[in-house]
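Residue numbers (this note's numbering), protein chains in the order written: chain A, 64 to 252; chain B, 17 to 361. All residues carry an ideal CB built from backbone N, CA and C; glycine is no exception. Just so we're clear, the structure is a prediction, and the values are computed from it rather than from any experiment. Take a look at the structure below.
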């Protein structure tokens with residue numbers, strides 16, 4: 064929707080979109096800062112969850128629905144719930160850390176963000192790498208299908224190697240956790 | 017002035033429709049909760065050979081209204097040792113995720129309304145089923161946070177139990193749904209229903225591997241919604257009331273709102289995945305008829321949920337985990353292989 068004020072005309076949707084994008088991105092940065100600066104482990108984990116959700120929303124706004132859903136399920140859902148689980152089991156107490164470390168982390172973080180901002184202002188808007196898919200084709204076959212086609216044709220061998228690695232890691236976890244455990248001996252009468 | 021308004025509506029039909037849909041679906045879901053509570057109490061009464069609430073209004077229909085007024089005016093007590101912010105946040109997370117996850121559920125097919133093609137869903141996302149799982153998975157945080165923030169041993173145990181249980185059964189739920197995804201070849205919920213519209217493919221549940229998937233999905237669905245016999249997070253005998261021990265008034269009721277809305281979402285998901293959605297196969301193919309068929313199927317499933325609650329005793333916690341990991345998950349994986357093999361052949 065184009066709004067014309069005579070001296071200044073703008074697209075209302077585009078401006079709203081950009082505004083929401085900036086707000087979500089800013090929230091993501093604030094949440095990431097919160098993870099580092101917060102002294103209570105529960106709140107730290109919650110900030111990390113918030114950060115992951117912001118990332119998922121960003122993916123969604125850039126039109127990558129499948130990645131957004133996977134981000135929510137895997138990172139914000141499965142991984143972070145384990146974090147919270149462990150914090151709850153161990154009892155999350157507030158820890159007093161030396162303030163200098165915090166300050167250093169936060170300042171370096173802010174510096175990195177500012178440098179990135181300057182860099183992106185210099186380079187201009189980024190363009191997506193489309194490969195064999197252009198936007199029309201992706202809209203045609205759907206997000207998940209496009210990723211599947213690309214993954215199982217062009218990148219088949221790296222994908223299978225990664226799955227082998229995961230399998231080895233899974234077997235390793237079972238070995239580590241299972242075989243050091245000795246069941247309590249039943250007392251013979 | 018009026019021309020301007022009409023022009024605005026013409027240009028932004030989709031935006032306005034989206035807002036209206038969101039408001040209608042959210043308020044309808046919240047309105048369904050008291051009705052479900054009434055239905056559950058009446059049906060439980062029948063199952064246990066007693067009357068149930070029947071004094072307030074016809075058939076006791078005024079009971080949920082008086083109950084909600086009571087809950088609204090109750091004093092909200094927060095103990096001193098609680099983490100105030102998280103204590104308030106937890107019920108909000110539960111209700112919010114429950115309502116948002118219903119946004120992806122389609123309730124009837126496309127229809128024309130004033131020359132605008134629309135459907136009765138808030139969002140027809142391309143990978144809809146993943147989004148339902150993703151957002152309903154966020155609901156676990158509500159329970160964990162309630163347990164953590166209450167600063168109470170029983171609450172903490174309830175929260176931990178709920179997270180462990182829901183992670184375990186989410187696996188079975190996902191694997192069973194994957195069977196349907198392999199069968200349909202799409203992540204879109206509307207596509208899934210439309211695949212079942214004609215006879216050779218009608219009713220996914222009649223397909224052998226999907227039959228097993230249906231049973232698995234149903235069991236895992238009951239565990240996901242924390243309903244009896246899997247209501248371990250709030251087992252009264254062991255944990256007082258689990259994660260919501262310390263909650264009073266409306267905040268206490270919000271946990272139940274979340275639970276009942278999750279029940280509706282789960283029933284709707286089962287209907288879409290396995291029972292043919294809004295296809296009735298005999299009635300005329302109108303959108304209105306489709307909606308009523310869908311509502312009928314969902315309410316029948318809700319009655320089964322309530323029936324199960326009054327039939328089975330609660331199972332022991334270690335049995336629940338063993339049942340999930342050593343029985344349901346292997347069957348789900350084998351079933352997925354079977355379904356994929358049949359699909360390829």
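query                                                                                                                                                                                                : result
To the nearest angstrom, how far is the alpha carbon of residue 150 of chain A from that of residue 104 of chain A?                                                                                  : 7 Å
With a threshold of 8 Å between beta carbons, is residue 205 of chain A in contact with chain B?                                                                                                     : yes
Closest by CA to residue 159 of chain B, which one among B:108, B:232, B:352 and B:42?                                                                                                               : B:108
Would you report the Cα separation of residue 298 of chain B and residue 214 of chain B, rounded to the nearest angstrom?                                                                            : 11 Å
Please list, in chain order, all residues of the same chain as residue 59 of chain B whose beta carbon is under 6 Å from its beta carbon, the five residues on each side excluded.                   : 322
Using a Cβ-Cβ cutoff of 7 Å, what residues of the segment 96-110 of chain A are near chain B? List them in chain order.                                                                              : 105
Take residue 147 of chain A and list the residues in its own chain whose beta-carbon comes closer than 7 Å to its own, dropping the five residues that flank it on each side.                        : 108
Taking C-beta to C-beta, are residue 281 of chain B and residue 152 of chain B nearer than 8 Å?                                                                                                      : yes
According to the Cβ coordinates, are residue 110 of chain B and residue 266 of chain B closer than 8 Å?                                                                                              : no
With 8 Å as the threshold, decide whether the Cβ of residue 153 of chain B is near any Cβ in chain A.                                                                                                : yes
Hey, does residue 181 of chain A have any beta-carbon neighbour from chain B nearer than 8 Å?                                                                                                        : no
Got a sec, what are the start and stop residues for the alpha helix (DSSP H) residue 256 of chain B sits in?                                                                                         : Where residue 256 of chain B is concerned, there is no enclosing alpha helix (DSSP H), given that its DSSP letter is neither H nor E.
How about residue 223 of chain A: is its C-beta nearer than 8 Å to some C-beta of chain B?                                                                                                           : no
Are residue 139 of chain A and residue 115 of chain A close, meaning C-beta to C-beta below 8 Å?                                                                                                     : yes
List the residues of chain A whose Cβ lies closer than 8 Å to the Cβ of residue 156 of chain B, in chain order.                                                                                      : 140 and 144
Could you tell me which whole alpha helix (DSSP H) segments of length 4 or greater appear in the segment 255-319 of chain B?                                                                         : 265-290
Please say whether residue 317 of chain B and residue 286 of chain B have beta carbons closer to each other than 8 Å?                                                                                : yes
Tell me which residues share the same chain as residue 185 of chain B and place their Cβ nearer than 6 Å to its Cβ, disregarding the 5 neighbours each side in the sequence.                         : 236, 239, 240 and 340
Across the segment 248-257 of chain B and the segment 168-181 of chain B, are there enough close Cβ pairs to call them in contact, namely three or more that are closer than 8 Å?                    : yes
Would you list, in sequence order, the uninterrupted beta strand (DSSP E) runs of no fewer than 3 residues that lie entirely inside the segment 71-148 of chain A?                                   : 72-74
Is DSSP giving residue 128 of chain B helix, strand or coil here?                                                                                                                                    : strand
Determine, using beta carbons only, whether residue 142 of chain B comes closer than 8 Å to chain A.                                                                                                 : yes
Taking 8 Å as the CB-CB cut-off, is residue 296 of chain B touching chain A?                                                                                                                         : no
Would you call the segment 86-96 of chain B in contact with the segment 111-121 of chain B, where contact means no fewer than 3 C-beta pairs closer than 8 Å?                                        : no
Return the first residue and the last residue of the alpha helix (DSSP H) that residue 230 of chain B is part of.                                                                                    : 224-240
Just how far apart, CA to CA, sit residue 52 of chain B and residue 67 of chain B?                                                                                                                   : 17 Å
Starting from residue 121 of chain B, trace the alpha helix (DSSP H) in both directions and tell me its first and last residue.                                                                      : Where residue 121 of chain B is concerned, there is no enclosing alpha helix (DSSP H), given that its DSSP letter is neither H nor E.
Please classify residue 276 of chain B as buried or exposed, where buried requires at least 16 other C-beta atoms within 10 Å of its C-beta.                                                         : buried
Could you name the residues of the same chain whose beta carbon sits closer than 8 Å to that of residue 194 of chain B, not counting the 5 residues immediately before and after it, in chain order? : 352
At a Cβ cut of 9 Å, what residues of the segment 176-188 of chain B count as close to chain A, listed as they run along the chain?                                                                   : 176, 179, 180, 182, 183 and 186
Should residue 110 of chain A and residue 131 of chain A be called a contact, given that it needs their Cβ atoms to be closer than 8 Å?                                                              : no
At a CB-CB cut-off below 8 Å, which residues of chain A make contact with residue 307 of chain B?                                                                                                    : What residue 307 of chain B touches in chain A: nothing, since even the nearest Cβ is about 26 Å away.
At the level of alpha carbons, what is the spacing between residue 43 of chain B and residue 211 of chain A?                                                                                         : 38 Å
Could you name the residues of the same chain whose beta carbon sits closer than 6 Å to that of residue 230 of chain B, not counting the 5 residues immediately before and after it, in chain order? : 221 and 290
Do residue 103 of chain B and residue 143 of chain B have their C-beta atoms closer together than 8 Å?                                                                                               : no
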